[in-house]
Amino acid sequence: SSSLLLLLLSFALVVVVRCDAYEDLWNKYVQAQQQEQSSSSSSSSSTSSYESTVSRRERNLDHWDVSAAAAHLGLHPVTLVPLPKRAPTTSSSSDSDVDVANAIDEYVGHDSAILFYSRRSADCHAVAPSWDAIASYLDAGSMNSNLIMALFDCERDDSHAKLCDAVGVTTYPTIVYVGCGEYHGAERGILGGFGWGMKKEGKGHRHPPPRRSVRFRGDWRYADQILDWINVMGALSRWHAIADEGGMLGGIRNGLFRLMGGGGGRGGGRGTSSRGGGKGGGGGGGGSLPVGVPPGFQTELRGGGGGVSDTVQKRKVRDLETRLNVTIREKDLYEKASLHSGYLLEGLLFPKGRTKDGEEDGKEEDDRRLHHGDPFAILSSIENGWHRNGTSLPPGSSNDEHPLILRSCVLELVVDYCSRVTTRVTNEYIRELNAIPESDPFPTLDEIEKRLLDDVKDREGYCGLIEGCVTTNFEDPSCRPLSCPFVNAAACTYVECCLEPNVQDEYGVALGLMKEGERVMDMDWSGGIKKRGDGTYGGNDASVGGWGVPAK
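Here the sequence shown stands for residues -19 to -1, 1 to 533, where the numbers follow mature numbering (1 follows the signal peptide of the UniProt record, and there is no 0).
Structural data, given as structure tokens:
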């Protein structure tokens, strides 16, 4: 998934929930309230379904206890302090501290939209039918939606009140979205309102909201605003799941490779779920998301792994082990990112197949220079070069023209370049929006979306096409240019880095085509190669159109 997908999803059109659905849900809600009041008046010892102290799911809504809310929000289960993104470099534990093993903020694997409420609030009772209708519409709680919509009673008891205080809830209702990454700037401007009101705790002290959360600042009386906001925040979260985990290369491997059929990735439904289509779109497929704290999630911190009864020595050992493991993972990631960046830089400085005079080594024909200097030209000359089933080297091709390797690399670099173009265009437009006087009308979401898409197409036309090209398997001829389509010549040189041997080796290993330490140019891909470049692959003509279009 590219940043263009984020762009389209982040400025999604308003989806209106049907009025008849609201009427039906409102009647059910009133009946539930009447049953609750009747149960309370008939027996003081009787408790309604809304009185349970254990997390549960009713239809598509989850009713959370403190432990479930803390786990999803990234709060410490005892102190309710927001957990850090990374383990601290030095231990701050004392003998009286609770176990700090795994005390870092981790994503539970699915998003959450939480309605913090008080049963004494008339506004909360007013928004409840809309919240229920939206949960049903999005099929919340299913693995297909990858979203839990929860209710949290801030006035149930002292522990609930403390959690709401830790989150910064000061008014009812308060709606919070918790996703995969940090919502930089999403709490302001066109995406989420105008800031999270941090609660003061004594003179000069403010405490921040949980790291991966963002607060709804629109008008809760309009269900379409809530629904649209949830879709936008979900789109941003899905982008974080790809872009923030493992960097550029890791994100593409886990996301785009899976989309193109190049192999599965971590995360299951993360980054691939589709919301906003309602139950008619196959909601509920694949089972249900866990209720409460997901099984096995931070067991040493949240229960099942020793917890507060461990000795001080064991706590310190686990704390050190946790920080060591995190450090090792980060070190490995940084080393891979550094190598990858170095290979790309080498490809930029020394483009493959060109001499210092800019001509092809040993060849002067224009078609040879084009073919071996431009990955777009290579893929256009290979049968099914962009087709997801094109996973083998065609007869007569050089090893560095393997379609799966070249296709995956080109897509990554195209997405990376187009995301940079989109980011620049978006930032320029945001500065323009911020300059609009308060007295002047603000553009609608439709106008914002159209303006951004048009600006991207004006800057780089192919960037406006690539998202549709991926989803349609490059069926349209405009998706399969015969040469590099970018206006920026540096971008074309950037994509040519896919012919750099070290870059190809990286992809060959990542795609499972060869083992660590093996070289692409030394591989016997088809079984008919005598030696590199001798042309003994077979007699079939491979010089036909590719990019997913069947040969004619």
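Every residue gets a Cβ at the ideal spot worked out from N, C-alpha and C, and that includes glycine.
Requested in this report: Quick one: grab the DSSP three-state call for V307.
Outcome: helix
* Asked: So which of G489, H53, E497 has the shortest CA-CA distance to L270?
  -> Comparing Cα positions, the closest option is H53.
Problem set entry | Start-to-end residues for the alpha helix (DSSP H) that takes in A109 | Start and end: 103 to 119.
Round the Cβ separation of R283 and S48 to the nearest angstrom and send it over; I've been treating them as touching at under 8 angstroms.
-> 7 angstroms
Expected contact under 8 angstroms - CB spacing of V476 and V402 to nearest Å
The beta-carbon distance between V476 and V402, rounded to whole angstroms, is 14 angstroms. This is too long to meet the 8 angstroms contact definition.
Check your understanding: Three or more C-beta pairs closer than 8 angstroms, one from the segment 421 to 428 and one from the segment 459 to 479: is that the case here?
Key -> no
### Identity of the residue in V62, A222, F133 nearest residue 535 by Cα
A query on residue 535 cannot be resolved here, the shown segment of the chain reaching from -19 to 533 and no further.
Checklist line | Buried or exposed by the 16-neighbour rule on C-beta atoms within 10 Å, applied to I129 | finding: Under this definition I129 is a buried residue.
Using a Cβ-Cβ distance cut-off of 8 angstroms, determine whether D439 contacts chain D.
Although the question refers to chain D, the structure presented lacks it and comprises just one protein chain.
Return yes when the Cβ of S126 is within less than 8 angstroms of the Cβ of D120, no when it is not.
The answer is yes: Cβ separation under 8 angstroms.
key: Whether R192 touches P63 by CB criterion (8 angstroms)   = yes
Next item on the list: Mark T155 as exposed unless 16 or more other C-beta atoms lie within 10 angstroms of its C-beta, in which case mark it buried.
Entry: By the neighbour-count rule (16 or more Cβ atoms within 10 Å), T155 is buried.
Given this structure, state the Cα-to-Cα distance separating V451 from L301, to the nearest angstrom. The alpha-carbon atoms of V451 and L301 are separated by roughly 45 angstroms.
Taking R432 as the reference, which of I411, Y98, E487, G354 has the closest Cα? I411
Thinking just about the alpha-carbon of each residue, which of A358, D381, R304 is nearest to the one in M502?
If we check each option's Cα against that of M502, D381 comes out closest.
What would DSSP say about V298, mapped onto helix, strand or coil?
helix
Just the C-alpha distance for E419 and K438, rounded to the nearest angstrom, thanks.
29 angstroms
Worksheet item: Between I85 and the rest of its own chain, which residues show a CB-CB distance below 8 angstroms, the 5 nearest in sequence each way excluded?
Response: L64, P65, K66, R67, A68, T303, V307
Taking the alpha carbon of G493 as the point to measure from, which residue in F467, D505, I386, E393 has its own alpha carbon closest? I386
Among the candidates A142, G160, D397, whose CA atom is the shortest distance from the CA of E448?
D397
Alpha carbon to alpha carbon, what distance is there between V490 and H383? 13 angstroms
| said: Based on DSSP bridge pairs, tell me the residues matched to T155. | reply: F97
How long is the line joining the alpha carbons of Y153 and L96, rounded to whole angstroms?
9 angstroms
Here's a check: name, in chain order, each residue in its chain whose Cβ is nearer than 7 angstroms to the Cβ of P275, leaving out the five neighbours to either side. Here the set comprises V89, G90.
Margin query: S93 and V159 - do their beta-carbons sit closer together than 8 angstroms?
Written below: yes
- [ ] Have a look at I417, G215, P58, R299 and flag the residue whose alpha-carbon is nearest the alpha-carbon of V157.
- [x] G215
Whole angstroms are fine: how far does the CA of K496 sit from the CA of residue 575?
Lying before the first or after the last residue shown, residue 575 is absent from the chain, which here runs from -19 to 533.
Verify whether the separation of the beta carbon atoms of G149 and N41 is less than 8 angstroms.
-> no
What's the call for G445, buried or exposed, on a 16-neighbour Cβ count within 10 Å?
buried
Comparing alpha-carbon positions, which option in I363, R198, S464 lies nearest Y443? S464
Got a sec, what are the start and stop residues for the alpha helix (DSSP H) S48 sits in? 47 to 54 is the extent of the alpha helix (DSSP H) around S48.
In the structure shown, what three-state DSSP assignment does D92 receive? strand
Quick one: measure Cβ to Cβ for D46 and V35, integer angstroms, because I've assumed they're closer than 8 angstroms. 6 angstroms
Quiz item: Alpha carbon to alpha carbon, what distance is there between S379 and G262?
Solution: Here the model assigns G262 a pLDDT of 39, short of 50, so the residue's position is not dependable and the matter cannot be decided.
- Task: Check whether the Cβ atoms of I309 and A204 lie closer than 8 angstroms to each other.
- Result: Not a contact, by the Cβ cut-off of 8 angstroms.
Using the three-state DSSP reduction, which class does S420 fall into: helix, strand or coil? Residue state, collapsed to three classes: coil.
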